[in-house]
Amino acid sequence: MAMEERSAKHCFLLQTTAQDKEYQYRKIAGRQVQSRIAWKLRGDTVFKKIFRAVRALSTTNTIFALHNPTGTRVTDRQGLDYIVTNYYRKLYAAKCTSLKTQLAKDNLIGMIPASFTDQSSPSIRKILNAPPDAGELFSTLQHMAPGKSLVPDSILIKFYKHLWGLIDNEFAQMIHQAITDGAYSFGMTHGLVALILKDGDLEQLPNWRPITLLNTSYKILSKVLQIPLQLLLLDIIHAG
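Just so we're aligned, residue 429 is where the sequence shown starts under the working numbering, counting upward by one.
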């Protein structure tokens, strides 16, 4: 009798679990239908405008054709890659300088102290050399713009702000290693070069400006080093 009772209870639990799962599935399906209705009523018009804006932006920020040095219009991918690669290779190639210019540069560099903080007070050196803790990093995040531009790893400021409670100690340790040991993570040394149209004819490569998109982790490191330096800049200048 006891075995039959346990078996009945077991069947009841299985049936209840199955019904609960079915209810949850139906609930999710209902929410999906509601979302589709809301999309049709309110979202469709808005997103059409967004898509049109994105298409227009992609048209103005995409190179479809370029003129090579001889004036020939090139449209194939291989030809475009060749033109762009050679143009910027020549533009950023190292140029030989005269002996006089090199001596002047060496003389100027020799006048710069090895460390500006050598002549600063101990209190200033302590502030500048102290790695920031998690609290200071979070305060720095609050002063940074949310950031809408693309970054190579796709992690924006908004991510760090929302999930700071989960990553604060690990991120602070990474910043500490970068400042004290010079051990930078891959994200801090990695950038993505993109071409942005300045003005004029899209098919003339000089009208495109190369920029390097940097990851948010590098921007945070740069900002956290910048803030104390700004606060103490006048003291450092007067100390020199």
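Glycine is no exception: its CB is placed at the ideal position from the N, C-alpha and C atoms. As the structure is a prediction and not an experimental result, all values here were calculated from the model.
Report all residues from its chain with a CB closer than 8 angstroms to the CB of residue i; omit the five preceding and five following residues, and keep chain order.
i, result
"residue 590", "none"
"residue 629", "635"
"residue 621", "638, 639, 640 and 641"
"residue 587", "644"
"residue 516", "638"
"residue 529", "none"
Starting from residue i, follow its DSSP beta bridges and name the residues at the other end.
i, result
"residue 619", "642"
"residue 512", "Per DSSP, none; premise fails for residue 512."
"residue 636", "625"
"residue 502", "494"
Less than 7 angstroms between C-beta atoms, sequence neighbours within five positions excluded: which residues of the same chain meet that for residue i?
i, result
"residue 627", "635"
"residue 632", "495"
"residue 511", "494, 496, 502 and 633"
"residue 581", "615 and 643"
"residue 649", "603, 606 and 616"
"residue 492", "503"
"residue 608", "559"
Assuming the contact rule is C-beta atoms closer than 8 angstroms, residue i and residue j should be a hit. Round their C-beta distance to whole Å, please.
i, j, result
"residue 616", "residue 606", "6 angstroms"
"residue 641", "residue 619", "6 angstroms"
"residue 559", "residue 604", "4 angstroms"
"residue 574", "residue 585", "5 angstroms"
"residue 556", "residue 656", "6 angstroms"
"residue 572", "residue 651", "6 angstroms"
Helix, strand or coil, according to DSSP, for residue i in the structure here?
i, result
"residue 491", "coil"
"residue 435", "Here the model assigns residue 435 a pLDDT of 49, short of 50, so the residue's position is not dependable and the matter cannot be decided."
"residue 587", "helix"
"residue 579", "coil"
"residue 625", "strand"
"residue 564", "helix"
"residue 532", "helix"
"residue 598", "helix"
"residue 550", "helix"
"residue 593", "helix"
"residue 656", "helix"
"residue 526", "coil"
"residue 630", "coil"
"residue 538", "helix"
"residue 604", "helix"
"residue 650", "helix"
"residue 507", "helix"
Within 8 angstroms (strictly less), CB to CB, does residue i reach chain C?
i, result
"residue 605", "Judged by its chain identifiers, the structure shown contains no chain C, having just a single protein chain."
If you drop the 5 nearest sequence neighbours on each side, which residues of the same chain put their C-beta closer than 6 angstroms to that of residue i?
i, result
"residue 680", "Here the chain covers residues 429 to 668 and nothing more, so residue 680 does not appear."
"residue 612", "606"
"residue 624", "637 and 639"
"residue 592", "566"
How do the stretch 594-607 and the stretch 549-565 stand: do at least 3 beta-carbon pairs fall below 8 angstroms, yes or no?
With the cut-off at 8 angstroms, the stretch 594-607 and the stretch 549-565 touch.
Do three or more CB pairs link the stretch 521-528 to the stretch 490-509 at distances below 8 angstroms?
Here the stretch 521-528 makes no contact with the stretch 490-509; the two share fewer than three CB pairs at distances below 8 angstroms.
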